[in-house]
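See structure below.
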Amino acid sequence: MEKKNSSYNQILKSTSIFGGSQILIILIGVIRNKMIAVLLGPVGVGIIGIYNSVIEMIRSAGGLGMDTTGVKEIAEADSSGDKEILFKTVTRFNKWFRVMALCGALACLIFSYPISVWAFEDGRFTFYIACLSVCVFLAILTMGRSSILQGMRRIPEMAKSAFLGSFFGLLISIPAYLLFGLDGILPAFVFSSLFSFLCVEFYYRKLYFKKSDISNKEAFESGLKTLKLGLFIVVAGFIGTASMFLVRTFVSRSIDIDAAGLFQSAWVITNVYLSLILRSMGSDFFPRLSAIAGEGEKVKKLVNEQSYIILVVASPIIVGMLLFAGFALSVLYSSEFGHADAVLRWQVLGTFFKVLCWPVAFIMLAKNKGTAFLATEIIFYLVYLLSGYLLFPKYGLEATGMGYLIAYIVYLPVVFIVGKTISGFTWDSNIIKMTVINMLFIGIAFYIAQYYAGGYGLLLGTGILAISLVYAYIKLKKVFSIAELRDWFGKK
């Protein structure tokens, strides 16, 4: 591979910009979660996890998949070079997002009582869930503005707005928890949502979009054309959020609310902290992939390049997280959460298969294959729920992590077969070789963490981590020169 490769440079550029902000957001999240764990304990973490599930579930359903289809259509309009087409597309999506935000808020308000009964076994949280309708309204508006920034590939603006929203949310949350304890959760949610919206709105308005003369009827009719893919996405997202809601409530009812807090802590680390790599790369990857979706060879090349960088970056992190899962939980939360280390290790192991699936799954969205995308998501969550449920009587809370791993092991070949069928995609030999070698490192790290924690195990684990880092560095040098890497990191 050539040292100077513009595609790899673009991947690194978008990852470093958005990823840098995500690291800062994670540090803010660490502080917030630490404060929550200390001030509110596992009960507070469990309640916050359920509140987040409610907001995300309604946001996913209320957004109608427009955040994804919006990125795709705005990217196409922006690349056309015709400002009038771009302005009209942006105006149309803004109209849709305002209506969807209102509908989502009303849904949260109307169904607040049944949600409370479902999540907490009685209606005592009805008022609090009804108040989350404000968060839902703001979350959908924020999603709309962010999709416009992403579609135009305004990665720096996305990064800044995300960081500032998280920062101001922290400034609001900590005093609320200190002063009001569990009663401070709701106001912290509402004001954090407000500041997230105001931050993204600030950068959106700096783009100076000219309001296009498009009627509500025209916006509605043209928007319906994009709903086909969007509805598949929203159904898939709703199934995912609802599945996690089921898992949390099942754990809460079968064990207790403290166990739900332990599960939440492991879930946040794997699906928020570790997934920052995917979010960072996805900010630019999806618009680029959408632009070449009809060209099979270019799709194959881009997805393999993305997979290469993901393996280089993610694999050593996964090895380290497997070895230091208990320590990570203590640092990010508190010693009370140490019992979640087994769940976390299984989920981190599953994350390796997740990063392999991720770039391939985007092919389905880029090529408007909504049915295939929905089918693969249903398969994943069915396997996850079923395996977790069947393993629960024997393994208890640990079964949730095992189910996560099993689901991604099944999901990987399914996604690959679909990707190959619709675009002719295959992994190149270099990706396969890297996958096997990194699986070896990760498998050894998992075995050491499970059976030889402490003493010689720590020494062996540190050795494996060092080898994994050296291997990643060698692979990175194959696509970037030392001077290029020094220039990149010197600028950041």
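Just so you know, we're using our numbering here: the sequence shown kicks off at 24 and counts up by one. Don't be surprised by glycine CBs; every beta carbon is placed ideally from N, CA and C.
- For Tyr151, the CB contacts under 7 angstroms within the same chain, skipping 5 residues up- and downstream, are Leu209 in chain order.
- Annotation: the region 92–150 contains the following complete segments of the alpha helix (DSSP H) (minimum length 4 residues), in chain order: 106–133, 135–143.
- Burial is judged here by how many other beta carbons sit within 10 angstroms of a residue's own beta carbon; Val61 has fewer than 16 and is exposed.
- By the Cβ criterion, the region 434–447 is in contact with the region 384–394, since at least three pairs of Cβ atoms, one from each stretch, lie closer than 8 angstroms.
- Around the beta carbon of Asp236, fewer than 16 other beta carbons sit within 10 angstroms, so the residue counts as exposed.
- Contact check for Phe120 and Leu161: beta-carbon distance about 11 angstroms, past the 8 angstroms limit, so the pair fails to qualify.
- A Cβ-Cβ separation of about 5 angstroms places Phe469 in contact with Leu345 under the 8 angstroms criterion.
- Excluding five sequence positions before and after Phe268, the CB atoms of its chain that fall closer than 7 angstroms to its own CB belong to Ser76, Met80, given in chain order.
- Here Arg228 is exposed: its Cβ has fewer than 16 other Cβ atoms, across all protein chains shown, within 10 Å.
- Spanning the alpha carbons of Phe218 and Ile71 requires a straight line of approximately 18 angstroms.
- Close CB contacts of Tyr226 within its chain, under the 6 angstroms cut and outside five residues either way in sequence, are with Glu180, Ser184 (chain order).
- One alpha carbon belongs to Ala130, the other to Val159, and they sit about 9 angstroms apart.
- Along the length of the region 249–299, whole alpha helix (DSSP H) runs at least 4 residues long occupy 280–291, reported in chain order.
- Leaving aside the five residues that flank Pro339 on each side, the residues in its chain whose CB is nearer than 6 angstroms to its CB run, in chain order, Ser491, Leu492, Ala495.
- Secondary structure note for Ile467: its alpha helix (DSSP H) is the uninterrupted segment 452–474.
- Collapsing the DSSP output to three states places Met58 in a helix.
- Annotation: Leu252 to Phe134 spans about 27 angstroms, alpha carbon to alpha carbon.
- With respect to the 9 angstroms criterion, Ala100 and Leu87 are not classified as neighbours on the basis of their beta carbons.
- Taking Ala337 as reference, the option from Phe116, Ile487, Lys377 with the minimal CA-CA separation is Lys377.
- CA-to-CA, the gap between Pro65 and Val342 works out to about 27 angstroms.
- Spatial neighbours of Phe385 in its own chain (CB-CB distance under 8 angstroms, excluding positions within 5 residues in sequence) are listed in chain order as Gly305, Phe308, Phe309, Leu312, Val326.
- At a Cβ-Cβ threshold of 9 angstroms, Leu367 and Ile454 do not count as neighbours.
- By the Cβ-count criterion, Ser189 is buried, with 16 or more other Cβ atoms from all chains shown falling within 10 Å of its own Cβ.
- Residues of the same chain with a CB within less than 7 angstroms of the CB of Ile73, apart from the 5 flanking positions on each side, are Ala142, Arg271 in chain order.
- A direct Cα-Cα distance of roughly 14 angstroms separates Lys240 from Asn117.
- Here DSSP, grouped into helix, strand and coil, assigns Leu230 to coil.
- Secondary structure of Thr485 (DSSP, three-state): helix.
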